[in-house]
Amino acid sequence: MKVRKVLLRIIASVLALFFTANVLICSLSYAYLGDPLGLFKIIRVAQIVNNHYVSGVDGKSLLSGALEGLVATLDDRHTLYLGGDDFREFTESTNAAYGGIGIYLSQTDEKKPFVAGLMEGMPAEAAGLERGDIITAVNGESVDSMKLEDISKRIRGPVGTNVTLTVSRNGEERDFDVVRKEITIKTVASRMMENKVGYIRIASFSSGTAEEFAEAYKALKEDGMTGLIVDVRNNPGGLVDQAAGVADYLLPEGSTVVTFSQRNDEDQVFTTKAAGVKIPLVVLVNENSASASEILAGDVQDLHAGVIIGTKTYGKGTVQAVYPVDDDSAVKVTIAKYKTASGREVDGTGIEPDVVVPLEANDNTDYQLQKALETIQSMQENR
Numbered sequence: 001m002k003v004r005k006v007l008l009r010i011i012a013s014v015l016a017l018f019f020t021a022n023v024l025i026c027s028l029s030y031a032y033l034g035d036p037l038g039l040f041k042i043i044r045v046a047q048i049v050n051n052h053y054v055s056g057v058d059g060k061s062l063l064s065g066a067l068e069g070l071v072a073t074l075d076d077r078h079t080l081y082l083g084g085d086d087f088r089e090f091t092e093s094t095n096a097a098y099g100g101i102g103i104y105l106s107q108t109d110e111k112k113p114f115v116a117g118l119m120e121g122m123p124a125e126a127a128g129l130e131r132g133d134i135i136t137a138v139n140g141e142s143v144d145s146m147k148l149e150d151i152s153k154r155i156r157g158p159v160g161t162n163v164t165l166t167v168s169r170n171g172e173e174r175d176f177d178v179v180r181k182e183i184t185i186k187t188v189a190s191r192m193m194e195n196k197v198g199y200i201r202i203a204s205f206s207s208g209t210a211e212e213f214a215e216a217y218k219a220l221k222e223d224g225m226t227g228l229i230v231d232v233r234n235n236p237g238g239l240v241d242q243a244a245g246v247a248d249y250l251l252p253e254g255s256t257v258v259t260f261s262q263r264n265d266e267d268q269v270f271t272t273k274a275a276g277v278k279i280p281l282v283v284l285v286n287e288n289s290a291s292a293s294e295i296l297a298g299d300v301q302d303l304h305a306g307v308i309i310g311t312k313t314y315g316k317g318t319v320q321a322v323y324p325v326d327d328d329s330a331v332k333v334t335i336a337k338y339k340t341a342s343g344r345e346v347d348g349t350g351i352e353p354d355v356v357v358p359l360e361a362n363d364n365t366d367y368q369l370q371k372a373l374e375t376i377q378s379m380q381e382n383r
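In full-length UniProt numbering, the protein residues as written are 1 to 383.
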């Protein structure tokens with residue numbers, strides 16, 4: 001009887017605390033995971049912190065930290081609890097075109113951020129920023145030791161607002177005031193280069209990308225294309241079925257494009273449905289090439305269908321789904337892993353290029369593209 005009264009007092013006091021701090025959700029989640037005693041441990045820890053922490057406790061921060069800690073135990077950089085600012089930023093990025101300036105960022109070996117590429121016709125290009133410019137500050141705030149994703153967040157903002165980038169170019173610092181604009185990316189762009197070498201850039205794998213690629217490829221082919229460069233640098237990935245549609249033009253018919261492994265489900269396999277390119281092929285990649293773009297590059301490498309040039313890719317070999325928790329939060333969870341044509345997993349390791357060519361800060365020359373052209377020419381001469 002005494003034990004029962006003690007338990008009732010504990011539960012009653014803690015429920016009052018948890019309802020005000022919204023921590024009960026987290027506690028019940030732990031209990032649901034199969035450890036009934038875990039509920040009481042969490043209750044006790046919450047009591048101790050609430051009653052004794054020197055600076056007092058903010059209930060919402062306590063809850064947010066508990067939920068973030070729950071998913072952090074999975075040690076998966078892509079499984080995240082999205083609350084507060086993170087949730088708002090995620091919602092904005094998925095529900096609407098964002099306000100940006102149209103640049104791709106990279107880092108030097110010394111972790112200095114620099115402009116790795118410019119989107120054609122976007123504000124950064126119009127303002128005079130150049131490939132190779134080293135970014136030292138955003139709106140007067142130093143970016144020293146700042147992660148690329150945090151720099152990107154500071155550059156983005158409401159359409160029509162200004163952002164000031166301080167850059168170092170050839171040892172001289174200068175400021176560029178750029179007006180943010182709605183960034184809508186055409187996923188495929190193409191042109192014919194010297195010696196009838198076709199160039200197709202894929203910015204991301206979105207709805208319609210495979211069809212756009214097919215149109216670009218056929219137009220180049222009709223114009224006498226004798227070699228092809230496919231550029232997936234700074235391509236974050238996207239829809240796998242679109243990558244598979246592009247692979248139809250690059251890989252032998254019937255080739256495995258990707259194998260998905262999901263929890264408690266049979267593996268799902270995508271294969272090519274047409275015979276691929278029979279001319280010299282180069283795929284350009286860099287450290288920002290991820291997910292579906294790594295599938296494409298990895299398959300070309302696995303099947304010896306072409307040459308991969310650039311720098312080591314990002315290393316994302318998983319698929320995520322987003323599940324809402326309430327109106328202000330959600331959980332992004334890894335639900336599948338994928339393998340390339342040879343059964344290779346790229347998550348955490350990335351694709352190592354056949355030919356490594358880094359881009360240098362303070363240099364506007366695209367050495368990777370130059371190397372691709374040289375490689376195509378060498379392949380043509382040796383056919």
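Note that the Cβ used here is the ideal one computed from N, Cα and C, for glycine as well.
For secondary structure counted as the beta strand (DSSP E) over 3 or more consecutive residues, the segment 165–243 holds these complete runs in sequence order: 172–179, 188–193, 197–202 and 227–231.
Nearest Cα to residue 104 within the set 307, 144, 160 and 233: 233.
The DSSP assignment places 281–285 and 307–310 as complete runs of the beta strand (DSSP E) inside the segment 275–311, in order along the chain (cut-off: 3 residues). Between residue 260 and residue 338 a beta carbon distance of about 5 Å is seen, short of the 8 Å cut, so the two are scored as contacting. Residue environment: residue 365 is assigned as exposed (fewer than 16 neighbouring CB atoms within 10 Å of its CB, all protein chains considered). Under the 8 Å Cβ criterion, the segment 324–332 does not count as touching the segment 242–252, having fewer than three qualifying pairs. Following the DSSP letters along the chain, one finds residue 117 inside the beta strand (DSSP E) bounded by residues 113–118. Counting C-beta pairs with one atom in each stretch, the segment 173–187 and the segment 99–115 have three or more that are closer than 8 Å, which means they touch. In the DSSP assignment, residue 62 falls within the alpha helix (DSSP H) that extends over 59–72.
Per DSSP, the unbroken beta strand (DSSP E) holding residue 259 starts and ends at 256–262. Collapsing the DSSP output to three states places residue 374 in a helix.
One Cα belongs to residue 226, the other to residue 199, and the distance between them is close to 11 Å.
Out of 266, 291, 361 and 214, the CA that lies nearest to the CA of residue 237 is found in 291. In terms of Cα proximity to residue 71, the closest of 253, 282, 155 and 334 is 334. Between the alpha carbons of residue 58 and residue 135 lies a distance of about 37 Å. Residue pairing by DSSP places residue 270 opposite 258 in a beta bridge. With respect to residue 281, residue 231 sits apart: the two C-beta atoms are not nearer than 8 Å. Taking a 10 Å sphere around the C-beta of residue 253, we find fewer than 16 other C-beta atoms and assign the residue as exposed.
Burial is judged here by how many other beta carbons sit within 10 angstroms of a residue's own beta carbon; residue 113 has at least 16 and is buried. Checking the DSSP bridge columns, you'll see residue 320 partnered with 334. Here DSSP, grouped into helix, strand and coil, assigns residue 367 to helix. With the rule of 3 Cβ pairs closer than 8 Å, the segment 123–142 counts as touching the segment 159–173. The three-state reading of DSSP puts residue 129 in coil, since its state is none of H, G, I, E or B. For the 8 Å CB-CB criterion, residue 178 and residue 127 form a contact.
With respect to the C-alpha of residue 122, the residue from 377, 159, 267 and 354 having the closest C-alpha is 159.
Comparing alpha carbon positions, the residue from 143, 300 and 331 closest to residue 111 is 143. The beta carbons of residue 229 and residue 298 sit no closer together than 8 Å. Minimum Cα-Cα distance from residue 255 among the listed residues 266, 270, 262 and 241 corresponds to 270. As the crow flies, the alpha-carbon of residue 203 is around 13 Å from that of residue 286. With fewer than 16 other beta carbons inside 10 angstroms of its own, residue 54 counts as exposed. Cβ neighbours of residue 311 within its own chain (closer than 6 Å, five residues either side excluded): 286, 287 and 358. Linking residue 215 to residue 42 through their CA atoms gives a straight-line distance of about 58 Å.
For residue 361, the secondary structure class from DSSP, reduced to helix, strand or coil, is coil. Sequence-distant partners of residue 342 (beyond 5 residues in either direction) whose C-beta falls short of 6 Å from its own C-beta, in its chain, are 302. Within 10 angstroms of the beta-carbon of residue 195 lie fewer than 16 other beta-carbons, which makes it exposed. Per DSSP, residue 155 is one residue of the alpha helix (DSSP H) stretching across 148–155.
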